[in-house]
Amino acid sequence: FIVIMLPYFFAHFFISLLEKLDRTLAFKITLRNIFQPLYSDRSFIGYILGFFFRSWRIIIGGIIYSIIILLALIIYISWLLIPPYIIYKILLSIPK
Numbered sequence: 017f018i019v020i021m022l023p024y025f026f027a028h029f030f031i032s033l034l035e036k037l038d039r040t041l042a043f044k045i046t047l048r049n050i051f052q053p054l055y056s057d058r059s060f061i062g063y064i065l066g067f068f069f070r071s072w073r074i075i076i077g078g079i080i081y082s083i084i085i086l087l088a089l090i091i092y093i094s095w096l097l098i099p100p101y102i103i104y105k106i107l108l109s110i111p112k
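First residue of the sequence shown? That's 17 in the working numbering, and the numbers climb one at a time after it.
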């Protein structure tokens with residue numbers, strides 16, 4: 017039962033982690049408002065600063081999300097490769 021439910025818990029953990037990060041990084045909201053002025057300052061400077069700061073926030077958030085997702089994939093694929101590795105080791109230990 018634990019082996020069957022482990023991928024569910026693993027996926028739930030990483031999705032929850034990404035949701036918590038989204039509350040901090042606000043990636044989706046920042047992406048949606050990239051061309052809006054910063055702090056509703058409708059001057060030219062407000063538009064330029066808003067685009068600049070939001071662009072950096074999107075880049076940093078994208079890097080952080082990419083690292084988390086890549087780490088999750090590496091862990092999950094490693095976990096999936098454990099049973100074939102065990103079977104391979106068992107088959108190698110059988111005398112011919």
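Beta carbons are placed, not taken as given, at the ideal position from N, Cα and C, and that holds for glycine.
- Judged by beta-carbon spacing, F51 lies within the 8 Å limit of F67, meaning their Cβ atoms are closer than that value.
- For I106, the enclosing alpha helix (DSSP H) begins and ends at 60-109.
- Counting only the Cα atoms, L22 lies some 46 Å from S56.
- Taking a contact to require three or more Cβ pairs closer than 8 Å, the segment 33-47 and the segment 71-89 qualify as touching.
- Taking all protein chains in view, the Cβ of R70 is crowded by 16 or more other Cβ atoms within 10 Å, so the residue is classified as buried.
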